[in-house]
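J.:
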């Protein structure tokens with residue numbers, strides 16, 4: 034039964050909604066009043082995190098309102114503050130005034146960092162009398178010091194951007210973490226089940242490379258102790274000292290990459306091991322909230338976030354990352370050149386069995402009127418569809434959009450023909 038025009042239009046709307054996406058920096062860039070807020074979203078990489086969520090509400094502040102706190106705190110503190118202003122739910126002006134019982138609590142990005150205790154990572158939204166809506170920390174005895182000012186942008190039910198009058202301050206959120214130079218990196222790794230990795234970076238001196246890089250941005254992928262016990266991990270004693278150093282440096286990136294940045298990363302990522310002799314890069318694939326790193330030899334899932342404090346991020350991973358430059362499968366030896374004198378066959382070698390059918394069975398005649406040009410092309414080789422074991426398979430967003438656009442074209446054509 035053919036689809037009606039109504040059903041086709043509904044299908045078209047679903048397709049368009051599927052390919053739609055939001056970019057918070059683009060949304061805010063059109064208004065200079067939010068330039069400072071927008072700049073810090075980029076510096077802290079929170080913009081990537083916001084863009085990676087399908088449903089989200091961003092509470093923005095004007096330059097005048099935001100500068101009251103931004104000017105007096107380091108970037109790591111500003112990131113915590115900004116993450117408290119990103120709600121993991123969709124609130125537009127209508128929904129704000131239809132809150133059940135007048136008050137609701139909404140979880141924020143700050144809650145997902147694992148550093149927020151109790152309700153510190155949630156926001157209290159209260160519909161006040163007289164049409165005002167107030168915002169404040171959900172922590173006990175916190176004040177509702179901020180109010181809804183105006184709507185900035187809505188893409189239902191994808192992203193909503195709302196302006197509020199003042200920053201939301203939660204207890205302890207403005208407390209600065211210790212400087213990265215004072216961080217006891219080895220103790221932190223050991224406390225999170227990465228004693229083997231911690232010991233290796235100390236004995237090889239790689240920890241000095243980490244320490245010299247951290248202030249400009251560093252991301253570490255630390256394999257767990259269980260990962261080093263896997264039967265797939267090569268014997269490190271068979272590697273040279275330089276190869277062990279490269280292997281350890283391969284587990285770090287000279288850039289600050291929180292979860293949101295990893296989720297939106299489509300290109301290969303260089304590591305600290307990258308040099309003129311080898312790429313030593315990684316690629317990333319995402320399935321829901323799961324992030325997997327691919328080396329070309331193996332892959333590893335990010336298990337936990339140990340630390341996310343600008344400019345340093347530390348993750349634990351399930352497997353040791355094996356770069357292709359060190360552990361790629363050796364190519365098969367080239368065949369020996371042919372000799373003019375054929376080698377004698379071994380006396381015990383059995384006679385070859387012919388694959389061709391018996392001459393008593395005649396081949397069926399070719400169809401009348403069919404020329405070789407009319408014959409179908411050969412089927413593609415199955416080998417072309419195979420992937421290297423452990424290698425990640427990536428489908429870029431452009432491929433998804435292209436397929437969806439083709440479907441849109443089909444729907445429109447169907448409608449015009451109806």
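Numbering (this note's numbering), first residue to last: 34 to 451. Ideal placement from N, C-alpha and C gives every residue a C-beta, glycine not left out.
State the CB to CB distance for the pair residue 282 and residue 306, rounded to an integer number of angstroms; the pair is presumed to be in contact (CB under 8 Å).
T.: Sure, about 4 Å apart at Cβ, within 8 Å.
J.: When DSSP builds the beta bridges, which residues end up paired with residue 315?
T.: 302, per the DSSP bridge assignment.
J.: Anyone know if the C-beta pair for residue 81 and residue 130 falls short of 8 Å?
T.: No, Cβ-Cβ distance for residue 81 and residue 130 is not below 8 Å.
J.: Return the chain-ordered list of same chain residues with a C-beta closer than 6 Å to the C-beta of residue 98, the five sequence neighbours on each side being excluded.
T.: Hits under 6 Å: 199.
J.: Residues in the same chain with beta-carbon distance under 6 Å from residue 246, minus the five sequence neighbours each way, listed in chain order, please.
T.: Closer than 6 Å at Cβ, skipping near neighbours: 287.
J.: What do you get for residue 224, buried or exposed, if any count of 16 or more other CB atoms within 10 angstroms of its CB means buried?
T.: The residue in question, residue 224, is exposed, as its Cβ has fewer than 16 Cβ neighbours within 10 Å.
J.: Which class does residue 282 belong to by DSSP, given the choice of helix, strand or coil?
T.: Reduced to three states, the DSSP call for residue 282 is helix.
J.: Buried or exposed for residue 295, going by 16 or more other Cβ atoms inside 10 Å?
T.: It counts as buried.
J.: Whether or not the stretch 350-362 and the stretch 259-273 are in contact is what I'm after, with contact meaning three or more pairs of Cβ atoms, one per stretch, closer than 8 Å; do they touch?
T.: Counting Cβ pairs under 8 Å, three or more are found: they touch.
J.: Looking at C-alpha atoms only, which residue of 172, 85, 115 and 183 is the closest neighbour of residue 124?
T.: Considering only alpha carbons, the answer is 183.
J.: Distance, Cα to Cα, residue 157 vs residue 222?
T.: Computed Cα separation, rounded: 35 Å.
J.: Would you kindly check if the distance between the Cβ of residue 206 and the Cβ of residue 179 is under 8 Å?
T.: No; because the gap between Cβ atoms is not below 8 Å, this pair is not in contact.
J.: What's the gap between the Cα of residue 86 and the Cα of residue 279?
T.: Straight-line Cα distance between these residues: approximately 35 Å.
J.: My parser needs the beta strand (DSSP E) runs of 3 or more residues fully inside the stretch 237-275; what are they?
T.: For the stretch 237-275, whole beta strand (DSSP E) runs of length 3 or above, ordered along the chain, are 251-256.
J.: For the alpha helix (DSSP H) that residue 183 lies in, which residues bound it at each end?
T.: That residue, residue 183, is in no alpha helix (DSSP H); its beta strand (DSSP E) goes 179-188.
J.: How long is the line joining the alpha carbons of residue 333 and residue 316, rounded to whole angstroms?
T.: Approximately 11 Å, taken between the alpha carbons.
J.: Just to confirm my understanding: we take residue 368, look at its own chain, exclude 5 residues before and 5 after, and list those with CB closer than 7 Å. What are they?
T.: At residue 368, the pLDDT of 46 sits below 50, so the modelled position is not reliable; the number obtained from the coordinates is stated separately. Same-chain partners within the cutoff: there are none.
J.: Below 8 Å on the Cβ atoms is my contact criterion, and I expect residue 169 with residue 176 to pass it. Report the Cβ-Cβ distance as a whole number of Å.
T.: With a Cβ gap of about 6 Å, residue 169 and residue 176 count as contacting.
J.: Using alpha carbons as the reference points, say which of 348, 114, 143 and 189 lies closest to residue 252.
T.: Of 348, 114, 143 and 189, the residue nearest in Cα terms is 348.
J.: Less than 7 Å between C-beta atoms, sequence neighbours within five positions excluded: which residues of the same chain meet that for residue 112?
T.: Excluding residues within five positions, the ones whose Cβ falls inside 7 Å are 77, 79 and 343.
J.: Distance check for residue 350 and residue 93, CA to CA, integer angstroms please.
T.: Cα to Cα, the separation comes out at about 34 Å.
J.: Can you give me the C-alpha to C-alpha distance between residue 235 and residue 202, rounded to a whole angstrom?
T.: Straight-line Cα distance between these residues: approximately 40 Å.
J.: Rounded to whole angstroms, what's the CA-CA distance from residue 241 to residue 139? Just pull it up for me.
T.: In a straight line, the C-alpha of residue 241 is about 42 Å away from that of residue 139.
J.: Given residue 172, which residues of its chain have a CB within under 7 Å of its CB, disregarding the five upstream and five downstream residues?
T.: Correct list, in chain order: 151, 152, 153, 203 and 204.
J.: For my contact list, residue 119 and residue 141 are in at a C-beta cut-off of 8 Å; report their separation, rounded to the angstrom.
T.: Their Cβ separation, rounded to whole angstroms, is 6 Å, which keeps residue 119 and residue 141 in contact under 8 Å.
J.: Just reading off the beta strand (DSSP E) that residue 196 is part of, what are its end residues?
T.: Where residue 196 is concerned, the enclosing beta strand (DSSP E) stretches over 192-197.
J.: Which whole-angstrom value is the C-beta distance of residue 73 and residue 115, which I expect to be below 8 Å?
T.: At roughly 6 Å, the Cβ-Cβ gap stays under 8 Å, so residue 73 and residue 115 are in contact.
J.: Just to check my reading of the structure: residue 313 and residue 304 have Cβ atoms closer than 8 Å, yes? What is that Cβ distance to the nearest angstrom?
T.: The Cβ separation is near 5 Å, so the contact holds.
J.: Using only alpha-carbon positions, find the residue among 106, 302 and 237 that is nearest to residue 273.
T.: Looking at the Cα atoms, 237 is the closest of the given residues.
J.: Mind checking if residue 84 is an interface residue toward chain B, Cβ cutoff 8 Å exclusive?
T.: Considering every chain present, this structure includes no chain B. It has just one protein chain.
J.: Residue 220 lies in the beta strand (DSSP E); which residues open and close that run?
T.: Not the beta strand (DSSP E): residue 220 falls in the alpha helix (DSSP H), residues 218-224.
J.: In chain order, what residues of the same chain lie with their CB nearer than 7 Å to the CB of residue 155, ignoring the 5 residues before and after it?
T.: The residues are 138, 139, 140, 141, 144 and 171.
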